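Peer 1:
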Amino acid sequence: MGGVEKMKYVVVTSGVVSGLGNGVAASSIGTVLKACGLRVTFIKIDPYLNTDSRTMSPSENGEVFVLDDGSEVGIDLGNYERFLDVELTGDNNITAGKIYQHVLDKERRGDYLGKTVQVIPHITDAIQEWIERVALIPVDGREGRPEVCIVELGGTIGDIESRPFMEALSQFSYRAEDNNFCLVHVSLVPVIDIVGEQKTKPTQCSVQSLRELGLKPNLLACRSTTPLNKNVKEKLSQSCHVPDDCIISLNNVPNIWHVPSLLIDQKCHEAILGILGLARLTVEPKLDAWMNIARTCDQLHAPVRIAVVGKYTNVSNAYQSILEAMLHASVVCQRRLVVDWVPASDLDIETANESPDLHEKAWGLLKGADGVLVPGGFGHGGVGGKILAAKYARENNVPYLGICLGMQVAIIEFARSVLGLKDANSTEFDAGTRYPCLIEMPEICVGSRRTFFRTKDCKSAKLYGNVNYTDERHRRRYEVNPDMVGELESAGVEFVGTDESGDRMEILELPWHPYFVGVQFHPEFRSRPGKPSPLFTGLIAASSGLLDAGMLQSPASLENGNGPVAMKVASGASGGGGYANASGLEEGLLGLHVSGAALAH
Ligand code: GLN
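The numbering used here puts the last residue of the sequence shown at 729; the count rises by one with no breaks.
In structure tokens, the structure reads:
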């Protein structure tokens, strides 16, 4: 449309408790505004001191998400990229560490001309300048700047760490001319089970804190198990000074892809566009394709069970992008995804001695699965179990996708079992191994890199659509030892993709196996609803018995959701949520961890 002259900002804050799913709320607002014809970008503020997520364990804030430019960032940037199908940059993630580092660098250079450097104005100015600069970067692959920037402030109102950011946003809202700034406050309306009443007090208190910090909400988005009652909206409106039609229910939905239509149904877009003065410039939101995916997902019936064997299987969100990529693929394959999270170390023989029950349970899950996925990882933890999972999949013709470390353990396993090199290892786990099949690279490889297919006569090239190369995101330090490639190949491993030098092995296949694929990159980061990563489609299709020669010849037939597979399942709608499994997949998916019921306990 190009008619929006000033940058418009939608700031999303969150109150009461963390984990309300404000990332999903912010991404959904973005999706709705995009559907209204606007070009939307996104900035996530993480108030912690880490400059990025590089050194953070997934057990802290969930998975480390990797961007094209090699930035290692928080999980919400992944949500946003998936919801809006955009590519963000490292600068779209602000942390307190980045801002302080920037200000301290300027101080050392003498840029402050002898002044005392302080939180106000230097840190708060730096935050505002950063937002204004980064909002202009196009993220949708088109020329020219975005029209709306969504700024999501992480943490909960009242956190000490977020104070400088609150002050900066408060100054920002004051500076912004009329119609350029809209604040959406995500809050919680719990239900106390005994009387079943929706309680407004936590939201009232949280809005009060917001006001004390100089910010006034334009919209309230309230997480609740059920839609907000009329009288609850009235009460909130009166006490928080927000009009009724700007109070939005974020009630439970079967899957997160329903949230944008939840917003549209309540005319959230009209409220935001009104506040931003954009109502006349936009179109009615169209979300048909998106909603089709959301609804299809609810109706999937025939299950496909995937065992994910990892180190952080007990941490929700530690493998978020893997989970989402599997879902994208299972929607296309018309299968209801059931994930069995298998703690890698429980598969180990040592666990058999210490905790036989856990050992037995882990092996039961692995053996009950239709397919196995070993995700990326760093360090020793659980490596023995991951090697056993790769061995099990290889020997039993069970579909296997090994991502980065998942490919590396498959090589270690193959070298040990097939080449008979008993001590074969990666130098990451045994620096002095006699048979180093994985060795440290001279550089750390992060971000988008090109992988060239050596042959088109392999499953991965076919799944990618017979292309010559593919660009995928990496995050690793080790590579297949070039000195051992020949030996591995002569025993049956096929390295079907390499980097441009041809010396660095990127994709491995076992040609005689139904689906045994290992990759050094992370295809999960570029998977999108409706555009699943081809290798995930391969895993889910193979695990569902659908990956036959015909499909490999025209994988597009699956993407269109037509053909015999789609039709068979579409008629078997169960009407059920489809996501739930014993390991809390539903919660992780929704990204909304607190329910009224949980609070009441
Ligand atoms: N630790 C391995 C490496 O650095 C694997 C990394 C990963 O799985 N992302 O190469």
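All C-beta atoms in this analysis are idealised placements derived from N, C-alpha and C, irrespective of residue type, glycine included.
Being a predicted model, the structure only gives us computed values, none of them experimental.
Per DSSP, what kind of secondary structure is Ala-349 in: helix, strand or coil?
Peer 2: Ala-349 carries a strand assignment under DSSP once its states are collapsed to helix, strand and coil.
Peer 1: To the nearest angstrom, report how far apart Ala-619 and Ile-278 are at their CA atoms.
Peer 2: Rounded to the nearest whole angstrom, the CA to CA distance from Ala-619 to Ile-278 is 53 Å.
Peer 1: Apart from the five residues just before and just after His-641, which ones in its own chain have a Cβ nearer than 7 Å to its Cβ?
Peer 2: Arg-522, Asn-525
Peer 1: Examine the Cβ distances between the region 165-174 and the region 303-319 and report whether three or more of them are shorter than 8 Å.
Peer 2: no
Peer 1: Helix, strand or coil for Ile-265? Go by DSSP, reduced to three states.
Peer 2: coil
Peer 1: Can you tell which of Gly-646, Thr-598, Gly-269, Tyr-592 has the C-alpha that lies nearest to the C-alpha of Pro-527?
Peer 2: Gly-646
Peer 1: What does DSSP give as the partner residues of Thr-529 in its beta bridges?
Peer 2: Correcting the residue type first, residue 529 is Leu in the shown sequence and not Thr. In DSSP, Leu-529 forms a bridge with Leu-501, Val-645.
Peer 1: In the DSSP output, what is Val-432 paired with across the bridge?
Peer 2: Leu-465
Peer 1: Excluding sequence positions up to five away, which residues of its chain have a Cβ less than 8 Å from the Cβ of Ala-453?
Peer 2: Pro-651, Glu-652, Ser-655, Pro-660, Ser-661, Phe-664
Peer 1: Anyone know if the C-beta pair for Tyr-208 and Ala-163 falls short of 9 Å?
Peer 2: no
Peer 1: On the criterion of 16 or more Cβ atoms from any shown chain inside 10 Å, does Ile-375 qualify as buried, or is it exposed?
Peer 2: buried
Peer 1: So for Arg-656, helix, strand or coil by DSSP?
Peer 2: strand
Peer 1: Would you kindly report the start and end of the unbroken beta strand (DSSP E) that includes Met-633?
Peer 2: 633-637
Peer 1: Excluding the 5 residues preceding and the 5 following Lys-134 in the sequence, name in chain order all residues of the same chain whose CB lies nearer than 6 Å to its CB.
Peer 2: Asn-308
Peer 1: Just to check, is the beta-carbon of Glu-652 closer than 8 Å to a non-hydrogen atom of the ligand GLN?
Peer 2: For Glu-652, the Cβ stays outside the 8 Å cut-off from all heavy atoms of the ligand GLN.
Peer 1: What does Gln-326 pair with, by DSSP beta-bridge criteria?
Peer 2: Under DSSP, Gln-326 shares a beta bridge with Val-319.
Peer 1: In angstroms, rounded to a whole number, what distance separates the CA positions of Leu-378 and Asp-426?
Peer 2: 18 Å
Peer 1: What does the Cβ neighbour count give for Asp-676, buried or exposed, with the cut at 16 atoms within 10 Å?
Peer 2: exposed
Peer 1: Less than 9 Å between the beta carbons of Val-502 and Leu-533, yes or no?
Peer 2: For Val-502 and Leu-533, yes; Cβs fall inside 9 Å.
Peer 1: In the DSSP assignment, find the unbroken alpha helix (DSSP H) run with Leu-455 in it and report its ends.
Peer 2: 448-460
Peer 1: Quick one: is Ala-552 buried, meaning 16 or more other Cβ sit within 10 Å of its Cβ, or exposed?
Peer 2: buried
Peer 1: Span of the alpha helix (DSSP H) holding Ile-403?
Peer 2: 396-403
Peer 1: What separation, rounded to the nearest whole angstrom, lies between the Cα atoms of Gly-504 and Leu-232?
Peer 2: Taking C-alpha positions only, Gly-504 is separated from Leu-232 by approximately 35 Å.
Peer 1: Identify every run of the beta strand (DSSP E) within the region 206-262, keeping only runs that are complete inside it and at least 3 residues long; order them along the chain.
Peer 2: 221-223
Peer 1: Looking at the structure shown, is Pro-651 part of a helix, part of a strand, or coil, going by DSSP?
Peer 2: helix
Peer 1: Just to check, is the beta-carbon of Ile-285 closer than 8 Å to a non-hydrogen atom of the ligand GLN?
Peer 2: For Ile-285, the Cβ stays outside the 8 Å cut-off from all heavy atoms of the ligand GLN.
Peer 1: What are the boundary residues of the beta strand (DSSP E) that includes Thr-169?
Peer 2: Run containing Thr-169: 168-174, per the beta strand (DSSP E) assignment.
Peer 1: Classify Thr-244: buried if its beta carbon has 16 or more other beta carbons within 10 angstroms, exposed otherwise.
Peer 2: exposed
Peer 1: The beta strand (DSSP E) with Thr-598 in it runs from where to where?
Peer 2: 597-608
Peer 1: Are the region 553-567 and the region 598-612 in contact at 8 Å, needing three or more beta carbon pairs?
Peer 2: yes
Peer 1: Under 8 Å, with one C-beta from each stretch per pair, do the region 480-488 and the region 414-423 reach the 3-pair mark?
Peer 2: no
Peer 1: Looking at the unbroken alpha helix (DSSP H) that takes in Cys-565, where does it start and where does it end?
Peer 2: Unbroken run through Cys-565 is the beta strand (DSSP E), 564-581; no alpha helix (DSSP H).
Peer 1: Just reading off the beta strand (DSSP E) that Val-138 is part of, what are its end residues?
Peer 2: Taken as a continuous stretch (DSSP letters only), the beta strand (DSSP E) holding Val-138 covers 136-142.
Peer 1: Might you give, ordered along the chain, the residues of its own chain that have their beta carbon closer than 8 Å to the beta carbon of Thr-179, omitting 5 neighbours on each side?
Peer 2: By the criterion of a C-beta distance shorter than 8 Å, Thr-179 is surrounded in its chain by Thr-223, Gly-225, Lys-226, Gln-229, once the five residues flanking it on both sides are discounted.
Peer 1: Can the beta-carbon of Asn-346 be found closer than 9 Å to that of Ala-399?
Peer 2: yes
Peer 1: When the Cα of Tyr-556 is compared with those of Phe-506, Pro-274, Gly-530, Lys-550, which residue comes out closest?
Peer 2: Contrary to the premise, residue 556 reads as Glu rather than Tyr in this sequence. Residue Phe-506 is the option with its Cα nearest to Glu-556.
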